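Notes follow once the structure below has been shown.
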């Protein structure tokens, strides 16, 4: 199995400094700052990256699970919302909410909901954050 | 505190299908596939995104911690290596290794190592994965 590499550089102080991040694939990278993380400045931040990891992992995993069920999907769309709260210990990622819309002919809603819930708990990125971040799901067939 | 949003779409089967992901900031997005995740095809994957989240979060957090110590850094560079292993439960993110190089005039190595170790355990993305993914660190002053 592969090991995947990314890196980040931060120069300067927390509030006035500036950061850059990049992934080894060459398809990922950009600037970030206190303002892009905790404010509304344009740019990415670790929570958006974590949400992207979860959305990408979940969509792929749900597709695989529906296929193994004999009811393959033609499309899985997942929106991931990653909420950060200020707690006594510091800024904490508290919730990852998945809103999932799926086209999968021939599956009942009951069977779909069970598979979606199992994937929410079982996909690799979900398992990387479970117990620390509350995973929520709103899944529907289209 | 903000909630950050990303999304992903997967079309087709697990091995033959294709995915796209994007973040709401508009600075993040691309294609992914079984080949970019588990093989060597060019493109990102959830583990690279998770590594980017960790590297970005850790670099920023260590800068803040060194500043609070009265020994601000001018540069923090963090490489994050995210390892996936095939386990009985499925593909599992087992280790996130951080290689950290820091310019911070006036701090002893002993104090630096303590702050780096505390940041490895305490930054928000580290806390999101802790207990599930082994966090390792190799930190040095430059």
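Residue numbers (my numbering), protein chains in the order written: chain A, 193 to 334; chain B, 193 to 334.
Heads up, the beta-carbon is just placed ideally off N, CA and C, and yes, glycines get one too.
Since this is a predicted model, take the numbers as computed values, not measurements.
- prompt: Using DSSP with H/G/I as helix, E/B as strand and the rest coil, what is residue 251 of chain A?
  reply: helix
message: Give me the residue from A:247, A:264, A:199, A:214 with the minimum Cα distance to residue 299 of chain A.
response: A:264
message: Between residue 331 of chain A and residue 308 of chain A, how many whole angstroms is the CB-CB distance? I'm expecting something under 8 angstroms.
response: 4 angstroms
- request: Determine, using beta carbons only, whether residue 307 of chain A comes closer than 8 angstroms to chain B.
  value: no
field: Cross-chain neighbours of residue 283 of chain B in chain A, by beta carbon under 8 angstroms
entry: 193, 316
message: Could you compute how far the alpha carbon of residue 334 of chain B sits from the alpha carbon of residue 204 of chain A?
response: 15 angstroms
- prompt: Using a beta-carbon distance cut-off of less than 9 angstroms, what residues from the region 260-275 of chain A approach chain B?
  reply: 260, 264, 265, 266, 267, 268, 269, 270, 271, 272, 273, 274, 275
query: The alpha helix (DSSP H) with residue 322 of chain B in it runs from where to where?
result: Here residue 322 of chain B belongs to no alpha helix (DSSP H), and DSSP marks it neither H nor E.
Any chain B beta carbon closer than 8 angstroms to residue 297 of chain A: no
message: Contact defined as beta carbons within less than 8 angstroms: I believe residue 217 of chain B pairs with residue 240 of chain A. What is the distance between those atoms, to the nearest angstrom?
response: 6 angstroms
Beta carbon proximity, residue 321 of chain B to chain A, threshold 8 angstroms: yes
query: Does the beta-carbon of residue 312 of chain B have 16 or more other beta-carbons within 10 angstroms, so that it is buried, or is it exposed?
result: buried
- prompt: Who are the neighbours of residue 278 of chain B on chain A, taking C-beta pairs under 7 angstroms?
  reply: 193
query: Should residue 326 of chain B be flagged as near chain A, meaning a C-beta pair shorter than 8 angstroms?
result: no
message: Count Cβ pairs between the region 208-223 of chain B and the region 282-292 of chain A that sit closer than 8 angstroms; are there 3 or more?
response: no
Backbone secondary structure at residue 229 of chain B - three-state DSSP: helix
- request: Starting from the beta carbon of residue 205 of chain A, find every residue of chain B whose beta carbon is closer than 9 angstroms, and list them in chain order.
  value: 255, 256, 259, 264, 265
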